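One structure below.
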Amino acid sequence: MGARDGDDSATAGSTLGYALLSLLTRGPATGYQLASRVKAPIGHFWTAKHSQIYPELARLAAAGWVRAAEEAGPGPRAKKTYELTPDGLAALRAWLVVPPVAQPRSEITLKAYAANSGDPAAMAALYGGLAAQAARTLAEYEQDAADMRAQGMDDPAHPRFGNYAVLLMGLESQRVVQRWSAWLAASLDGGAPVPYPHPPAPRDNGY
Numbered sequence: 059m060g061a062r063d064g065d066d067s068a069t070a071g072s073t074l075g076y077a078l079l080s081l082l083t084r085g086p087a088t089g090y091q092l093a094s095r096v097k098a099p100i101g102h103f104w105t106a107k108h109s110q111i112y113p114e115l116a117r118l119a120a121a122g123w124v125r126a127a128e129e130a131g132p133g134p135r136a137k138k139t140y141e142l143t144p145d146g147l148a149a150l151r152a153w154l155v156v157p158p159v160a161q162p163r164s165e166i167t168l169k170a171y172a173a174n175s176g177d178p179a180a181m182a183a184l185y186g187g188l189a190a191q192a193a194r195t196l197a198e199y200e201q202d203a204a205d206m207r208a209q210g211m212d213d214p215a216h217p218r219f220g221n222y223a224v225l226l227m228g229l230e231s232q233r234v235v236q237r238w239s240a241w242l243a244a245s246l247d248g249g250a251p252v253p254y255p256h257p258p259a260p261r262d263n264g265y
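When the letters of the sequence shown are read in order and numbered with this note's numbering, they come out as residues 59 to 265.
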């Protein structure tokens, strides 16, 4: 089954399917556990709903890419634990080397396109708030990155190296959001050209 790049629908061979296969390389998991794994670190850039994950797991099982072991659960339904099959691993390996087609969607960027059609003070406050939020998130990510390096996860041979790589992309993303939003807020607030970035970009911390 071929991948449909940028397709987040719950169909075998979709981005969602490959995301779940990627998560299962970390070990067997229930649907609930997979939903939790999506939140971090993959959730820095890509999310999926519970209502998408369970139908997708069924399709992956039908395709022979995952297998499920059932046991009695806390409720009336059986508890299913999924694991990657050799065919699923082969499909994932084939997909990993296919160049992705980026299809970014950003509401904060879309709103900036019409920023001068809104109330300047309100728009400045909006982007000032986004800059502050990005700064807080950046501080959290920096601490996470330091913790990962302390555990040796910056070594490509470490089984969680991919977590570290994704987190660094999150760091860079938040740096851009913080600088850009601060510049946009200052521009709208002052009503005059402001040099970019504003405030000046911080010094490189070695990431």
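Virtual Cβ for every residue (Gly too), placed ideally from N, Cα, C.
Being a predicted model, the structure only gives us computed values, none of them experimental.
query	result
Alpha helix (DSSP H) runs wholly inside the region 191-255, at least 4 long, in chain order	219-248
Start-to-end residues for the alpha helix (DSSP H) that takes in V96	G89 to K97
Residues bridged to A126 (per DSSP)	Y140
Assumed close pair L118, G89 - CB separation to whole angstroms, cut-off 8 Å	Wrong, their Cβ atoms sit about 11 Å apart, outside the cutoff.
Spatial distance of L188 from A130 (CA atoms)	46 Å
Extent of the continuous alpha helix (DSSP H) run through P176	Going by the sequence as given, residue 176 is Gly instead of Pro. Per DSSP, G176 belongs to no alpha helix (DSSP H) and is neither H nor E.
Selected residue, minimal CA-CA separation from A120, among P217, T105 and L142	L142
Cutoff 8 Å; reference S239; Cβ partners in own chain excluding five residues on either side	I166, Y185, G186, L188, A189 and A192
Beta-carbon proximity check, Y140 vs L82, cutoff 8 Å	yes
Spatial distance of I111 from A87 (CA atoms)	12 Å
Beta-carbon proximity check, L246 vs L150, cutoff 8 Å	no
Cα-Cα separation, K169 to D205	35 Å
Length of the line joining the Cα atoms of V234 and E200	14 Å
Enclosing alpha helix (DSSP H) for G85 [first to last residue]	Segment: none, G85 is in no alpha helix (DSSP H) and carries neither H nor E.
Close beta carbons around Y254, own chain, < 6 Å, minus the five adjacent residues each side	W241
Buried/exposed call for M227, threshold 16 Cβ in 10 Å	exposed
Same chain, Cβ closer than 8 Å to R125, five either side skipped, listed in chain order	A119, Y140, E141 and T143
Three-state secondary structure (DSSP) of A61	Residue placement at A61 is flagged as unreliable, the pLDDT there being 43, under the threshold of 50; a coordinate-derived value is accordingly withheld.
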